[in-house]
Amino acid sequence: GNSVTQMEGPVTLSEEAFLTINCTYTATGYPSLFWYVQYPGEGLQLLLKATKADDKGSNKGFEATYRKETTSFHLEKGSVQVSDSAVYFCALNGGVAGGGADGLTFGKGTHLIIQP
Amino acid sequence: DAGVIQSPRHEVTEMGQEVTLRCKPISGHNSLFWYRQTMMRGLELLIYFNNNVPIDDSGMPEDRFSAKMPNASFSTLKIQPSEPRDSAVYFCASSLVTGKGEKLFFGSGTQLSVL
């Protein structure tokens with residue numbers, strides 16, 4: 001079945017540092033890939049997505065590139081801010097047709113802490 | 117749009133009691149999902165509905181858990197009887213399925229504590 005593996009946290013960085021959160025996946029076919037962010041006391045929000053190989057999703061300075069050859073979708077940001085402190089979830093959807101109503105499969109989440 | 121609305125935000129109950137969690141999806145969305153989040157297991161899909169019909173409930177942990185979606189604007193997740201190990205945050209999410217990489221919209225969750 002589908003699965004997502006992301007790096008264990010917490011990840012603690014200083015403000016303006018470079019961020020990478022690794023994510024790899026296992027799926028059949030052609031899944032869509034997502035990064036969601038969860039701020040304290042809130043539900044998850046979509047941060048970015050990519051629906052096919054070599055696509056780059058980007059939003060709020062975050063980027064991730066869909067790498068089919070390495071089955072990866074690593075999240076990066078060049079200069080993090082204290083306000084980026086949150087839990088980040090990598091997820092995939094579908095796999096057979098790239099879409100579908102079968103729900104997202106999430107990684108366990110990476111807690112990011114940015115210190116001033 | 118008000119987004120996905122869940123109630124209550126917090127629920128504290130005693131072991132053995134019935135618990136009902138409620139969700140109002142975004143108007144026009146045709147799929148609804150119930151997730152459970154714990155520190156140990158992360159985010160788990162419990163069940164999802166498409167056009168009000170349960171499609172996959174393989175994630176429902178036990179017969180004590182049941183979910184219904186009587187119409188397009190309302191769903192419930194019921195636990196009867198509740199146990200301390202059911203303590204978690206329960207999220208409802210909805211989406212409009214188009215087959216092009218669906219985006220889920222999450223509610224703010226219900227924090228359930230079973231004593």
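So the protein lines, in turn, are chains Y and H. The letter at position 102 of the first sequence is residue 102 when you use our numbering, and the numbering goes up by one with no holes. The letter at position 74 of the second sequence is residue 190 when you use our numbering, and the numbering goes up by one with no holes. By construction, the Cβ of each residue, glycine as well, lies at the ideal position given by its N, Cα and C atoms.
Terminal residues of the beta strand (DSSP E) in which residue i lies
i                     : result
residue 49 (chain Y)  : 44-50
residue 32 (chain Y)  : 32-38
residue 110 (chain Y) : 110-115
residue 73 (chain H)  : Residue 73 (chain H) lies beyond the residue range present for chain H, which begins at 117 and ends at 231; the question has no answer from this structure.
residue 118 (chain H) : No beta strand (DSSP E) contains residue 118 (chain H), which DSSP labels as neither H nor E.
residue 172 (chain H) : 169-172
residue 130 (chain Y) : An answer regarding residue 130 (chain Y) cannot be provided, because it is not within the stretch 1 to 116 covered by chain Y.
residue 227 (chain H) : 226-230
residue 20 (chain Y)  : 19-21
residue 133 (chain H) : Where residue 133 (chain H) is concerned, there is no enclosing beta strand (DSSP E), given that its DSSP letter is neither H nor E.
residue 205 (chain H) : 204-211
residue 57 (chain Y)  : 56-59
residue 27 (chain Y)  : Element bounds for residue 27 (chain Y): n/a, residue is neither H nor E.
residue 105 (chain Y) : 104-106
Cα-Cα separation, residue i to residue j
i                     : j                     : result
residue 231 (chain H) : residue 63 (chain Y)  : 42 Å
residue 197 (chain H) : residue 78 (chain Y)  : 49 Å
residue 48 (chain Y)  : residue 181 (chain H) : 32 Å
residue 22 (chain Y)  : residue 36 (chain Y)  : 14 Å
residue 14 (chain Y)  : residue 5 (chain Y)   : 25 Å
residue 95 (chain Y)  : residue 42 (chain Y)  : The predicted model places residue 95 (chain Y) with a pLDDT of 48, which falls under 50 and marks its position as unreliable, so this point remains unresolved.
residue 206 (chain H) : residue 124 (chain H) : 10 Å
residue 20 (chain Y)  : residue 187 (chain H) : 42 Å
residue 99 (chain Y)  : residue 212 (chain H) : Low confidence applies here, because residue 99 (chain Y) scores a pLDDT of 40, under 50, leaving its location unreliable; read the following figure in that light. Rounded to the nearest angstrom, the two C-alpha atoms are 11 Å apart.
residue 149 (chain H) : residue 214 (chain H) : 16 Å
residue 170 (chain H) : residue 119 (chain H) : 22 Å
residue 105 (chain Y) : residue 8 (chain Y)   : 17 Å
residue 179 (chain H) : residue 59 (chain Y)  : 41 Å
Buried versus exposed, by CB contacts within 10 Å (16 or more), residue i
i                     : result
residue 87 (chain Y)  : buried
residue 133 (chain H) : exposed
residue 157 (chain H) : exposed
residue 141 (chain H) : buried
residue 91 (chain Y)  : buried
residue 155 (chain H) : exposed
residue 226 (chain H) : buried
residue 82 (chain Y)  : exposed
residue 66 (chain Y)  : buried
residue 109 (chain Y) : buried
residue 143 (chain H) : exposed
residue 131 (chain H) : exposed
residue 103 (chain Y) : buried
Helix, strand or coil at residue i [DSSP, three-state]
i                     : result
residue 123 (chain Y) : Here chain Y comprises residues numbered 1 to 116, so residue 123 (chain Y) is not present and cannot be evaluated.
residue 157 (chain H) : coil
residue 180 (chain H) : coil
residue 141 (chain H) : coil
residue 197 (chain H) : coil
residue 3 (chain Y)   : strand
residue 75 (chain Y)  : strand
residue 63 (chain Y)  : strand
residue 187 (chain H) : strand
residue 53 (chain Y)  : coil
residue 214 (chain H) : coil
residue 70 (chain Y)  : coil
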